[in-house]
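Order-wise, the sequence lines are chains A and B. Those letters in the first sequence? Residues 52 to 191, per our numbering, in order. Those letters in the second sequence? Residues 52 to 191, per our numbering, in order. First up is the structure itself, then whatever we jot down about it.
There are 2 protein chains.
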Amino acid sequence: MCAQSTEFAQALRDAGLRVTHQRMTVMAILKDSVDHPSADELFERARKVDGAVSFATVYRTLSALEEAGLVRKLTFESDPARFEITPAAEHDHLVDVDTGEMIELASEDINRLRRALVDDLGYEIVAQTTLIRVRKKPAP
Amino acid sequence: MCAQSTEFAQALRDAGLRVTHQRMTVMAILKDSVDHPSADELFERARKVDGAVSFATVYRTLSALEEAGLVRKLTFESDPARFEITPAAEHDHLVDVDTGEMIELASEDINRLRRALVDDLGYEIVAQTTLIRVRKKPAP
DNA sequence: CTATACTTGCAAATGCTTCTCATTTACATG
DNA sequence: CATGTAAATGAGAAGCATTTGCAAGTATAG
């Protein structure tokens, strides 16, 4: 975790942000979370590690990190936003409507196709989010 | 507009909903809007046509219609939701980050690919939304 | 070590959306 | 066409996720 710490700290510095233990805590927790937590869940988990983290700071940290490109926010319908460390490769997200579970779906083919289409319209992609509500198929 | 009216009325009846002039107004306005208006914009426009439409009713109408599958809600980041008459063919949405303008992007190739990938994972698609933030490319 | 600009905590504020409840209305029935 | 009743509406209050104001705390340059 030590190597990871210095990595996070450097990322913060690169983004022109001060290295505070609250930010380090949030980043560490987010990195360890495979389930794309909401701000609320993140706050709960952060609090267990570092009692001195407030709700407001979780939100402020997340938007600072998002602006710096280190974190991505996933808005799904009218549900609370969920967050993930910015992924190296772009991917879409499936949400199981019955369980709420979130699954990642990577496809370089789709990405390529999409980039080409957007390009043809004279635009360049700034950011993108695909959220697909799915249901498990009944066993055949 | 007369033919369209009876069409809307029938759609409402099919969905088990009563035909009220408020609902007719909202549907007509939404049908005529090419810009995917928010509930607020829809309310403003509806009010001009029919003074007796309230904010609450716009929201209630939209969710009733959404539940009936006649309307689709687009949630984009933390911005207010926008709405469109449920499209015949699935398509993605681009939002110009500078102007807020929304453009539709249809690609049967992407849809097919996506369906296949989701299918492979053992799921079936219930609904999907892709929102791509874009910026106009500088002229070359 | 000190200065200072950036951060934080707390609580209040905000903004979109939903709900409550009294009143009105659509429409099946006589 | 009159009437009963369940559904729909208007106005405003309530709810919830997120943001903000301000006083106090703290990272970091010098």
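In this text, a Cβ means the ideal position worked out from N, Cα and C, and glycines have one as well. Given the structure is predicted, the values throughout are model-derived calculations rather than measurements.
For my contact list, A:Leu81 and A:Ile136 are in at a C-beta cut-off of 8 angstroms; report their separation, rounded to the angstrom. Counting from one through the first sequence, the residue named residue 81 of chain A turns up at place 30. Counting from one through the first sequence, the residue named residue 136 of chain A turns up at place 85. The beta carbons of A:Leu81 and A:Ile136 sit about 6 angstroms from each other, so the pair counts as a contact at 8 angstroms.
Among the candidates B:Thr150, B:Glu159, B:Leu156, B:Leu172, whose CA atom is the shortest distance from the CA of B:Arg186? If you number the second sequence from 1, residue 186 of chain B lands on position 135. Cα-wise, what sits closest to B:Arg186 is B:Thr150.
Are the beta-carbon atoms of A:Leu145 and A:Ala62 separated by less than 8 angstroms? Here residue 145 of chain A refers to the residue found at position 94 of the first sequence. Here residue 62 of chain A refers to the residue found at position 11 of the first sequence. For A:Leu145 and A:Ala62, no; Cβs fall outside 8 angstroms.
Proximal residues of chain A, C-beta to C-beta of B:Asp160 below 8 angstroms: Residue mapping note: residue 160 of chain B aligns to position 109 of the second sequence, counting from 1. Under the 8 angstroms cutoff, chain A gives Leu164.
Alpha helix (DSSP H) segments (min. 4 residues) lying fully within the stretch 99–156 of chain A: If one requires a minimum length of 4 residues, the alpha helix (DSSP H) runs lying completely within the stretch 99–156 of chain A are 106–118, in chain order.
Would you report the Cα separation of B:His142 and B:Ile161, rounded to the nearest angstrom? One-based indexing of the second sequence puts residue 142 of chain B at position 91. One-based indexing of the second sequence puts residue 161 of chain B at position 110. So the two alpha carbons sit approximately 9 angstroms from each other.
Neighbour flag for B:Arg184 against chain A, beta carbons, 8 angstroms: Taking the first residue of the second sequence as 1, we reach residue 184 of chain B at position 133. Judged by the 8 angstroms Cβ criterion, B:Arg184 is in contact with chain A.
Quick one: what does DSSP say A:Val70 is sitting in, helix, strand or coil? Walking along the first sequence from the start, residue 70 of chain A turns up at place 19. A:Val70 carries a coil assignment under DSSP once its states are collapsed to helix, strand and coil.
Residues of chain B with CB closer than 9 angstroms to the CB of A:Ile154, please, in chain order. If you number the first sequence from 1, residue 154 of chain A lands on position 103. Simply Leu172, Tyr174.
Examine chain B for any beta-carbon lying closer than 8 angstroms to the beta-carbon of A:Ala66, and answer yes or no. Taking the first sequence and counting its residues from 1, one reaches residue 66 of chain A at position 15. No, its Cβ sits nowhere closer than 8 angstroms to a Cβ of chain B.
How far does the alpha helix (DSSP H) with A:Leu168 in it reach, from first residue to last? As a first step, residue 168 of chain A must be located in the first sequence, where it is residue number 117. It spans 159–171 - the alpha helix (DSSP H) in which A:Leu168 sits, taken as one unbroken run.
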